[in-house]
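Below: one structure, written as structure tokens.
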């Protein structure tokens with residue numbers, strides 16, 4: 230390894246090893262106007278390796294055949310935690326799968342059942358487990374008996390017919406015949422994986438080439454032998470994506486490239502970065518854009534660095550309505566270098582179908598703003614209000630988060 234980075238080949242497996250001293254694993258989110266591969270290609274030199282993320286359910290199977298899909302329309306099988314902020318996905322499906330995540334300091338990584346916990350700073354659910362993390366931090370190789378949160382002595386599997394059974398939900402390692410067989414089904418299929426070794430302070434991004442001998446059980450055993458204490462695999466086959474320094478060892482099929490929402494990226498942490506959070510708090514409606522007595526329907530999209538922080542939402546408004554956004558969690562977190570630009574926007578579309586007077590609804594102007602490290606104050610930190618003509622007043626907060 231050189232400067233905490235190494236690339237190695239071992240039969241059907243390619244490994245990128247990263248020192249935890251120099252690197253961390255973050256979530257890589259796709260923006261609405263790009264493919265997943267483009268999201269990887271636009272990363273700067275601090276991003277050394279990237280792999281696609283969570284499993285897709287049947288609902289997403291054929292998405293992307295007609296072109297790029299808005300990532301907010303894609304629902305992976307598990308929730309995301311990005312910068313400590315929850316990004317809602319399919320929480321029910323996530324309970325039956327596993328997550329890979331890290332703490333805020335990027336010195337503890339874990340693979341556990343269910344969706345990322347509230348203490349996870351960066352993490353993703355909807356994955357498959359290779360090496361689990363016990364409550365005491367030690368490793369549990371997948372396929373060596375069931376472990377339960379309520380009783381370590383219980384090891385009989387729940388019935389295969391009902392994976393939502395309460396006993397499944399408290400099972401920290403699933404080892405029914407279904408999961409045991411699944412460990413062997415990936416042979417000959419491309420897939421990605423992630424692992425961490427806390428004793429050696431190493432992270433691993435792995436690509437399994439579509440060749441014989443690349444099954445999950447073989448990879449698990451190799452990682453265990455090498456001292457890794459947690460590991461998971463990501464969605465494979467047509468979704469498999471793996472890039473090193475923005476050069477692709479494996480690209481997804483075009484329709485998957487149009488729809489993959491999120492993946493993992495290995496980032497250099499020695500470069501100075503600042504984490505900034507933008508929170509949209511409320512909107513005072515001064516003029517709904519319709520005649521007095523009419524109700525208007527506003528469709529609102531909020532973005533931070535061009536990435537939507539919530540699905541488009543519709544609100545029925547009249548003169549004097551106050552839209553409270555705090556409970557909706559309209560918060561976006563950006564990880565910025567010193568020369569980056571923090572951009573955020575609130576775009577309102579007056580979609581009122583008709584008015585009593587027959588006069589067309591007025592167009593509502595968007596709020597767009599930006600800040601840099603050299604802004605006053607830096608990154609625009611503070612609580613702000615902006616009035617957009619006679620239509621509305623937006624209240625928002627910008628926070629510079631501690632390192």
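Numbering (my numbering), first residue to last: 230 to 632. Note that CB positions come from ideal geometry on N, CA and C, so glycine has one too.
By the CB criterion at 8 Å, residue 302 and residue 308 fall outside the cutoff. Between the alpha carbons of residue 338 and residue 435 lies a gap of roughly 16 Å.
Cβ neighbours of residue 575 within its own chain (closer than 7 Å, five residues either side excluded): 509, 529, 531, 595, 596, 623. The way I'd put it, the segment 469 to 479 doesn't touch the segment 246 to 256; fewer than three beta-carbon pairs between them come closer than 8 Å. When secondary structure is reduced to three states using DSSP, residue 438 falls in the coil class, being assigned neither helix nor strand.
Here residue 357 is bridged, per DSSP, to 462. Under DSSP, residue 579 takes part in a beta bridge, and its partners are 527. For the pair residue 542 and residue 274, the Cα-to-Cα distance works out to about 36 Å.
Under the Cβ criterion (8 Å, minimum of three pairs), the segment 320 to 334 counts as touching the segment 348 to 367. By the Cβ neighbour-count rule, residue 561 is buried, with 16 or more other Cβ atoms within 10 Å of its own. For residue 268, same chain residues with a beta-carbon under 7 Å away, outside a window of 5 residues either side, are 257, 259, 260 in chain order. Between residue 315 and residue 506, the gap from beta carbon to beta carbon reaches 8 Å or more. Annotation note: the segment 300 to 349 contains the following uninterrupted alpha helix (DSSP H) runs of length 4 or greater, listed N- to C-terminal: 320 to 324. Assignment of residue 609 by DSSP, reduced to helix, strand and coil, places it in the helix class.
CA-to-CA, the gap between residue 590 and residue 616 works out to about 19 Å. For residue 462 and residue 556, the gap between their C-alpha atoms comes out near 34 Å.
Look at residue 268 here: in three-state DSSP terms it is helix. Under the three-state reduction of DSSP, residue 284 is assigned to coil, being neither helix nor strand. Within the same chain, and ignoring the five residues on either side of residue 578 in sequence, the residues whose Cβ sits closer than 6 Å to its Cβ are 528. At a Cβ-Cβ threshold of 8 Å, residue 419 and residue 479 count as neighbours. With a cutoff of 8 Å on beta-carbon distance, residue 571 and residue 599 are scored as near each other. When DSSP reads this structure, residue 248 sits in a beta bridge with 431. With respect to residue 277, residue 492 sits apart: the two C-beta atoms are not nearer than 8 Å. At the C-beta level, residue 281 and residue 498 stay beyond 8 Å of one another. The criterion of a C-beta distance shorter than 8 Å is not satisfied by residue 263 and residue 285. Between residue 538 and residue 559, the gap from beta carbon to beta carbon is short of 8 Å. Taking C-beta atoms under 8 Å as the contact rule, residue 486 and residue 588 fail to qualify, at a distance of about 45 Å. Leaving aside the five residues that flank residue 270 on each side, the residues in its chain whose CB is nearer than 7 Å to its CB run, in chain order, 475.
Buried is the label assigned to residue 533, since at least 16 other Cβ atoms lie within 10 Å of its Cβ. Here residue 566 is exposed, its C-beta having fewer than 16 other C-beta atoms within 10 Å. In this structure, DSSP gives residue 570 a state outside helix and strand, which the three-state scheme calls coil. Taking each of 552, 619, 583 in turn and checking the Cα distance to residue 625, the smallest one comes out for 552. Residue nearest to residue 580 within the set 348, 573, 593 is 593 (criterion: CA-CA distance). For residue 293, the closest C-alpha among the options 230, 484, 446, 311 is that of 484.
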